[in-house]
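A.B. asks: Below: one structure in structure tokens.
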Amino acid sequence: MPQPSSLKAGYNFAYLDEQTKRMIRRAILKAVAIPGYQVPFGSREMPLPYGWGTGGIQVTAGIIGPDDTLKVIDQGADDTTNAVSIRRFFANTAGVATTEQTEDATIIQTRHRIPETPLQAGQILVYQVPIPEPLRWLEPRETETRKMHALQEYGIMYVRLYEDISRYGHISTAYDYPVMVNGRYLMRPSPIPKFDNPKMDRNPALQLFGAGREKRIYAVPPYTSVKSLDFKDYPFQVQKWDDCCTLCGADDSFLDEIITDDAGGRMFVCSDSDYCAKRRDAGHSGPNPGEAATKKIGEAGDAA
Amino acid sequence: MPTTLTATGSHPDLAPGFKDPVFDAQTQFRNILTAMSHPGQVVALNTGLEPPAPLSSAAAAVALTLVDFETPVWLDASMSNEAVTAFLRFHTGCPVAGGAEEARFAFIADGATPLDPTRFDLGTDEYPDLGATVVVQVPSLAQGADSGTEFSGPGIEDKTYVEIGGLADDFWAERNAICELFPRGLDILFTCGDTLCAVPRSTKVETLACM
């Protein structure tokens, strides 16, 4: 048996036992065969708490092999606690190569973002999902939501979006924005910003979703239609910023707002750390960071 | 469990399974996942398996990768011989189902036999994932240029063509008839020797007129 040198002794390859992997693999194949449908699976206890990506880790453990290159992002960044520990987990238990470059990765596990760099055919994007059921906050009973999916009865979700419009004048959902997969299943895209929703549509990469606590796996095969719900007179729109990234000057990426002092100073930077670093390496730069940091929100800075 | 061991232990010609159960199963799963997420793509498995006839090496790889004690397996009449049963029982520990309707995985030795899809468990509207996976062995399987069977749907950029030999005349008519029941349905894996091609229930299939 080939044992890469970085492997921790005492664990099966990729941590999970073979029977668990087979069960997860069967669930993944059924999920791919029925795009957007949530397949129940026997989620195992993992060496980290629910909510830290146990579903995504189990899906990754089910598919990963020694030849894979793994990238893990948390809110777009490669260097946050969750991303670093999951990447280290698989380096230890599967001995795989890891990377921060989106285009070098064969498997990308993500929490709450889709990379800005377009994904390629053959790549697999694994989402960590907290609540897989899009109708859950509208109908708490699993028996009922299951029936609603069976009958494709999604009127209640349109009513919710309509109530947003009547109350706020627009659909206020900014993340975890419901989508229709292949014209059949209503799906929760996990808490990605709705900015990322259009990237899911007809993406050449395979998208897998794992919810550990809720014990569900679902999938969007490559080149599958993923439409964000909307109305003819209130079409789906993604958020836009007046600012660009302070570090790399990008005006086409998802920006995080960072508070820089207690006087209302703030700056915007790319949430995708790999994308931002690549742009800076290529010579792009944003407005003077010092200047941006002193920019005030309205008159907040003057308030005594 | 003791019965399984006794039955296979007394079988002198038991063919070996994967050389490395962990890594070979992972490799073959990724191949099957590639096939399932790109319907109509003919994938070479390089299994290194020599299973007992009439089980093809690709079909054997599917079984060794995905089947275990949780998944009753059904073998059609010509597949169901002692050697194949012993091979599957020993390497996977699967129960062999008495009837097609109990099977999670079904193995059909020859695509020329009628599919008769409704004899299998098609799942329910609430739990369509319970629909069976049916492995159908065919004498020839190749990527078509502009001929053969036209596939479209999720996983396919535009259209894919596959030349699948030796299928029963009304195979596609029967298969397409149950597509109306979506999300219930069957997911079919065609195998020929060491190659595999998937047709999940979401795929739209049209047979083109023969040249």
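Which chain is which? The protein sequence lines are A and B, in order. Under my numbering, residues 1 to 304 are what the first sequence spells out, in order. Under my numbering, residues 1 to 211 are what the second sequence spells out, in order. Cβ atoms here follow ideal geometry from the backbone N, Cα and C, with glycine treated the same way.
#1: Give, in chain order, every residue of the region 16–36 of chain A whose Cβ lies closer than 8 angstroms to some Cβ of chain B.
#2: With a threshold of 16 other CB atoms inside 10 Å of the CB of residue 107 (chain A), please say whether the residue is buried or exposed.
#3: Which class does residue 281 (chain A) belong to by DSSP, given the choice of helix, strand or coil?
#4: Measuring straight from C-alpha to C-alpha, what distance separates residue 9 (chain B) and residue 102 (chain A)?
#5: Mind checking which residues open and close the beta strand (DSSP E) that includes residue 74 (chain B)?
#6: Would you call the region 15–23 of chain A in contact with the region 43–62 of chain A, where contact means no fewer than 3 C-beta pairs closer than 8 angstroms?
#7: Please list the residues of the region 21–50 of chain B that have a C-beta atom closer than 9 angstroms to any C-beta atom in chain A, keeping them in chain order.
#8: For residue 17 (chain B), which residues in chain A fall below 7 angstroms Cβ to Cβ?
#9: Using a C-beta cutoff of 7 angstroms, does residue 264 (chain A) count as contacting chain B?
#10: Give me the Cβ distance between residue 192 (chain A) and residue 175 (chain A), rounded to the nearest whole Å; I'm assuming they're in contact under 8 angstroms.
#11: Who are the near neighbours of residue 87 (chain A) in its chain, counting only those whose CB is closer than 7 angstroms to its CB and skipping five residues on each side?
#12: Among residues of its own chain, excluding the 5 on either side of residue 138 (chain B), which ones have a beta-carbon nearer than 7 angstroms to its beta-carbon?
#13: For the region 54–68 of chain B, which residues have a beta carbon sitting closer than 9 angstroms to at least one beta carbon of chain A?
#14: So, is the C-beta of residue 65 (chain A) closer than 7 angstroms to a C-beta in chain B?
#15: Quick check: the region 80–91 of chain B against the region 115–129 of chain B, are there 3 or more CB pairs under 8 angstroms?
#16: If you draw a straight line from the C-alpha of residue 38 (chain A) to the C-alpha of residue 216 (chain A), how long is it?
#17: Within the region 170–254 of chain A, note down every full beta strand (DSSP E) run reaching 3 residues or more, in order along the chain.
#18: Quick check on this structure: which residue in B:22, B:84, B:40 has the alpha carbon closest to the alpha carbon of residue 57 (chain B)?
#19: Scan the region 36–96 of chain B and note each continuous alpha helix (DSSP H) run of 4 residues or more that stays entirely inside, going in chain order.
#20: In angstroms, rounded to a whole number, what distance separates the CA positions of residue 151 (chain B) and residue 116 (chain A)?
#21: Quick test of your reading: residue 28 (chain B) and residue 14 (chain B), contact by CB under 8 angstroms. State the CB separation rounded to the nearest angstrom.
#22: At a Cβ threshold of 7 angstroms, is residue 92 (chain A) touching chain B?
#23: Residues in its own chain within less than 8 angstroms of residue 51 (chain B) by CB, not counting five upstream and five downstream?
#24: Pull up the DSSP beta-bridge partners for residue 267 (chain A), would you.
#25: Considering only the alpha carbon of each residue, which of A:91, A:8, A:9, A:105 lies closest to residue 206 (chain A)?
#26: Mind checking the region 139–151 of chain A against chain B and listing, in chain order, the residues whose C-beta falls within less than 8 angstroms of any C-beta there?
#27: Count the other C-beta atoms from every protein chain shown that fall within 10 angstroms of the C-beta of residue 199 (chain B), then say buried if there are 16 or more, exposed otherwise.
#28: Kindly indicate if chain B contains any beta-carbon less than 7 angstroms away from that of residue 127 (chain A).
#29: Output yes if chain B places a C-beta closer than 7 angstroms to the C-beta of residue 223 (chain A); else output no.
#30: Just the chain A side, please: which residues come within less than 7 angstroms of residue 156 (chain B) by C-beta, in chain order?
#31: Do the region 121–138 of chain B and the region 170–185 of chain B touch if we need at least three Cβ pairs shorter than 8 angstroms?
#32: Nearest to residue 103 (chain B) by CA position, among B:206, B:113, B:144, B:187, is which residue?
#33: Please list, in chain order, all residues of the same chain as residue 14 (chain A) whose beta carbon is under 6 angstroms from its beta carbon, the five residues on each side excluded.
#34: In chain B, which residues lie with their C-beta within 7 angstroms of the C-beta of residue 182 (chain A)?
#35: Grab me the residues of residue 287 (chain A)'s own chain with a C-beta within less than 8 angstroms of its C-beta, minus the 5 sequence neighbours each way, in chain order.
#36: Measure the alpha-carbon distance for residue 76 (chain A) versus residue 141 (chain B) and round it to whole angstroms.
C.D. replies: With the given structure in hand:
#1: 18, 19, 21, 22, 23, 25, 26, 27, 28, 29, 30, 31, 32, 33, 34, 35
#2: Position 107 of the first sequence, counted from the start, is the residue given in the question as residue 107 (chain A). With 16 or more other Cβ atoms within 10 Å, it is buried.
#3: Translated into positions along the first sequence, residue 281 (chain A) becomes position 281. In this structure, residue 281 (chain A) counts as helix in the three-state DSSP scheme.
#4: Your numbering for residue 9 (chain B) matches position 9 in the second sequence. Your numbering for residue 102 (chain A) matches position 102 in the first sequence. Because residue 9 (chain B) carries a pLDDT of 48, less than 50, the predicted location of this residue cannot be relied on, and no value is offered for it.
#5: Your numbering for residue 74 (chain B) matches position 74 in the second sequence. Taken as a continuous stretch (DSSP letters only), the beta strand (DSSP E) holding residue 74 (chain B) covers 73–75.
#6: yes
#7: 21, 22, 23, 25, 26, 27, 29, 30, 32, 33, 34, 36, 37, 38, 39
#8: The residue you call residue 17 (chain B) lines up with position 17 of the second sequence. Within chain A, no residue comes near residue 17 (chain B); the closest Cβ sits about 12 angstroms away, beyond 7 angstroms.
#9: By one-based count along the first sequence, residue 264 (chain A) stands at place 264. Taking Cβ atoms only, chain B never reaches closer than 7 angstroms to residue 264 (chain A), which makes this a no.
#10: Taking the first residue of the first sequence as position 1, residue 192 (chain A) is located at position 192. Taking the first residue of the first sequence as position 1, residue 175 (chain A) is located at position 175. At roughly 6 angstroms, the Cβ-Cβ gap stays under 8 angstroms, so residue 192 (chain A) and residue 175 (chain A) are in contact.
#11: Position 87 of the first sequence, counted from the start, is the residue given in the question as residue 87 (chain A). Excluding residues within five positions, the ones whose Cβ falls inside 7 angstroms are 70, 72, 98.
#12: Residue 138 (chain B) sits at position 138 when you count from the first residue of the second sequence. Taken in chain order, the residues that qualify are 111, 164, 165, 166, 167, 190, 192.
#13: 65, 66, 67, 68
#14: Residue numbering aside, residue 65 (chain A) sits at position 65 when the first sequence is read from its first letter. Yes, residue 65 (chain A) lies at the interface with chain B (some Cβ there is under 7 angstroms from its Cβ).
#15: no
#16: For this step, residue 38 (chain A) is matched to residue 38 along the first sequence. For this step, residue 216 (chain A) is matched to residue 216 along the first sequence. Going from the Cα of residue 38 (chain A) to the Cα of residue 216 (chain A) covers about 6 angstroms.
#17: 179–181, 185–187, 206–211, 216–220, 226–228
#18: To locate residue 57 (chain B), count along the second sequence from 1; it is residue 57. For residue 57 (chain B), the nearest C-alpha among the options comes from B:84.
#19: 57–66, 82–92
#20: Here the question's residue 151 (chain B) lines up with position 151 in the second sequence. Here the question's residue 116 (chain A) lines up with position 116 in the first sequence. Taking the straight line joining both Cα atoms gives about 31 angstroms.
#21: Residue 28 (chain B) sits at position 28 when you count from the first residue of the second sequence. Residue 14 (chain B) sits at position 14 when you count from the first residue of the second sequence. The Cβ separation is near 20 angstroms, so there is no contact.
#22: On the first sequence, position 92 is the one that residue 92 (chain A) refers to. Taking Cβ atoms only, chain B never reaches closer than 7 angstroms to residue 92 (chain A), which makes this a no.
#23: By one-based count along the second sequence, residue 51 (chain B) stands at place 51. Excluding positions up to five away in sequence, the list reads 15, 57, 59, 60, 84, 87.
#24: Residue numbering aside, residue 267 (chain A) sits at position 267 when the first sequence is read from its first letter. According to DSSP, which records beta bridges pairwise, residue 267 (chain A) is partnered with A:258.
#25: Within the first sequence, residue 206 (chain A) is the residue found at index 206, counting from 1. Answer by Cα proximity: A:105.
#26: 146, 147, 149, 150, 151
#27: Counted from its first residue, the second sequence places residue 199 (chain B) at position 199. Counting Cβ neighbours within 10 Å, residue 199 (chain B) comes out buried, since at least 16 surround it.
#28: Translated into positions along the first sequence, residue 127 (chain A) becomes position 127. Cβ-Cβ to chain B under 7 angstroms: no for residue 127 (chain A).
#29: Here residue 223 (chain A) is taken as the residue at index 223 of the first sequence, counted from 1. True, the Cβ-Cβ gap to chain B drops below 7 angstroms.
#30: Translated into positions along the second sequence, residue 156 (chain B) becomes position 156. Neighbours of residue 156 (chain B) on chain A, chain order: 223.
#31: yes
#32: Position 103 of the second sequence holds residue 103 (chain B). When each option's Cα is compared against that of residue 103 (chain B), the closest is B:187.
#33: Here residue 14 (chain A) refers to the residue found at position 14 when the first sequence is read from its first residue. Excluding positions up to five away in sequence, the list reads 61, 64, 93, 94.
#34: The sequence position of residue 182 (chain A) within the first sequence is 182, counting from 1. Those within 7 angstroms of residue 182 (chain A) in chain B are 154, 202.
#35: Counting from 1 along the first sequence, the entry for residue 287 (chain A) is found at position 287. Within the same chain, residue 287 (chain A) has close Cβ partners 244, 246, 249.
#36: Within the first sequence, residue 76 (chain A) is the residue found at index 76, counting from 1. Within the second sequence, residue 141 (chain B) is the residue found at index 141, counting from 1. If I take the Cα positions, the gap works out to 42 angstroms.
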